[in-house]
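Be aware that the sequence shown starts at 0, since it is given in numbering that gives the first Met the number 0, and climbs by one per residue. We put the CB at the ideal spot given by N, CA and C, even for glycine.
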Amino acid sequence: MQSIVVPQNTPYALPDSISFNDAVSLPNLQLALALLQAANLTPSSEKRALLITGAAGGVAGMLSQLARVHGFQTIGTARSDDKRAFALANGFDFVVDSNPATLTADVMKATSGFGVNLAYDHLGGAYLPACIRSLSPMGTAISFNIITGQPSSDVFALMRELLGKSLGIRCFSMHTFDENEKNRRELMRQAIELMAAGKVLAPSPTVMPLSDVVKAHIVLDKGETLGKIVLSPQ
Numbered sequence: 000m001q002s003i004v005v006p007q008n009t010p011y012a013l014p015d016s017i018s019f020n021d022a023v024s025l026p027n028l029q030l031a032l033a034l035l036q037a038a039n040l041t042p043s044s045e046k047r048a049l050l051i052t053g054a055a056g057g058v059a060g061m062l063s064q065l066a067r068v069h070g071f072q073t074i075g076t077a078r079s080d081d082k083r084a085f086a087l088a089n090g091f092d093f094v095v096d097s098n099p100a101t102l103t104a105d106v107m108k109a110t111s112g113f114g115v116n117l118a119y120d121h122l123g124g125a126y127l128p129a130c131i132r133s134l135s136p137m138g139t140a141i142s143f144n145i146i147t148g149q150p151s152s153d154v155f156a157l158m159r160e161l162l163g164k165s166l167g168i169r170c171f172s173m174h175t176f177d178e179n180e181k182n183r184r185e186l187m188r189q190a191i192e193l194m195a196a197g198k199v200l201a202p203s204p205t206v207m208p209l210s211d212v213v214k215a216h217i218v219l220d221k222g223e224t225l226g227k228i229v230l231s232p233q
């Protein structure tokens with residue numbers, strides 16, 4: 000049996016209703032809660048929609064489930080049929096093709112021409128401008144990574160081009176909470192509570208023996224896995 004020493008204020012009590020394999024998704028749920036917090040959501044009786052790029056990702060699936068709890072129609076992007084099916088099975092209402100050239104048109108079609116109130120993008124490149132164009136009036140785009148690189152066009156010029164919509168953009172980092180331990184722990188407490196109550200479901204992970212750690216990294220680097228990879232020592 001192995002053990003490690005950690006600061007006493009870092010562990011969390013895990014209820015019996017959450018398995019270890021499901022618990023590995025809790026950090027994704029914590030981040031999703033923080034992303035919703037960053038949007039400054041207020042209760043609304045109006046129909047609202049939300050776009051998330053990379054819908055098959057772990058954070059995207061959690062964010063979609065949370066958004067539906069808040070009454071949002073959820074739209075995601077995926078680049079293959081298996082990832083599209085995975086996203087639909089994990090909380091998305093619609094999943095469109097992961098092509099920035101057609102993204103705005105697809106979103107407008109899914110929202111009857113209105114657009115989305117919120118767009119969450121971690122891809123960057125051509126995706127962020129496409130997300131901005133997909134927003135409804137007073138909508139906000141939240142960028143929380145740029146996996147494909149910097150935006151492909153001048154974002155501020157685009158915002159001015161769409162001035163009549165009064166759009167907003169926010170760059171988000173979870174490290175904002177590094178110095179706010181109370182808020183960060185509260186987000187994890189909420190994540191544990193939601194998962195324990197079955198209100199948010201963790202996707203089934205891919206479980207591999209610890210001896211296959213090299214293979215696991217290869218699969219992960221190729222982006223071929225859906226959900227978390229759990230390495231089992233047994």
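Per DSSP, which residues does residue i bridge with? Please list them.
i      : result
Tyr119 : Ile51, Ile141
Phe93  : Ile74
Gly167 : Thr139
Ile228 : Thr205
Leu162 : DSSP lists no partner for Leu162.
Leu134 : Val115
Alpha carbon to alpha carbon, how far is residue i from residue j?
i      : j      : result
Gly57  : Thr9   : 23 Å
Ala109 : Gly90  : 16 Å
Leu219 : Gly226 : 10 Å
Gly70  : Tyr11  : 29 Å
Gly163 : Gly138 : 11 Å
Leu65  : Met158 : 28 Å
Ile228 : Lys82  : 16 Å
Ile131 : Met187 : 30 Å
Pro208 : Phe176 : 34 Å
Ala215 : Lys198 : 30 Å
Ile74  : Gly114 : 11 Å
Leu117 : Pro136 : 10 Å
Candidates the options: which alpha carbon is nearest residue i's?
i      : options                        : result
Thr72  : Ser44, Arg78, Lys82, Ala37     : Just to set this straight, residue 72 is Gln in the shown sequence, not Thr. Minimum Cα distance to Gln72 is reached at Ser44.
Ala236 : Thr175, Ala54, Ala140, Ile145  : Since the first and last residues shown for the chain are 0 and 233, residue 236 lies out of range.
Pro204 : Val5, Gln7, Asn20, Pro6        : Asn20
Thr103 : Lys198, Val229, Ala125, Thr224 : Ala125
Leu49  : Ser151, Val106, Met187, Asn182 : Val106
Gln36  : Leu209, Ala190, Pro202         : Ala190
Thr147 : Val229, His121, Thr175         : His121
Ser152 : Ser231, Pro128, Leu34, Val229  : Pro128
Ile145 : Arg184, Tyr119, Val206         : Tyr119
Lys46  : Ala22, Glu180, Ser111, Gln7    : Ser111
Ile168 : Lys221, Ser142, Val23, Pro6    : Ser142
Val23  : Pro232, Ser2, Ala201, Glu180   : Ala201
Glu185 : Val4, Gln1, Pro26              : Pro26
For the alpha helix (DSSP H) that contains residue i, what are its first and last residues?
i      : result
Gly189 : The sequence shown places Gln at residue 189, not Gly. Here the alpha helix (DSSP H) through Gln189 covers 180-195.
Thr205 : It is not in any alpha helix (DSSP H) - Thr205 instead sits in the beta strand (DSSP E) that spans 205-208.
Ser63  : 57-68
Original post:
Should the segment 13-30 be called in touch with the segment 193-200, which here means at least 3 C-beta pairs below 8 Å?
Top reply: Counting C-beta pairs with one atom in each stretch, the segment 13-30 and the segment 193-200 have three or more that are closer than 8 Å, which means they touch.
Original post:
Does the segment 93-103 touch the segment 22-30, meaning 3 or more C-beta pairs lie closer than 8 Å?
Top reply: These segments do not touch.
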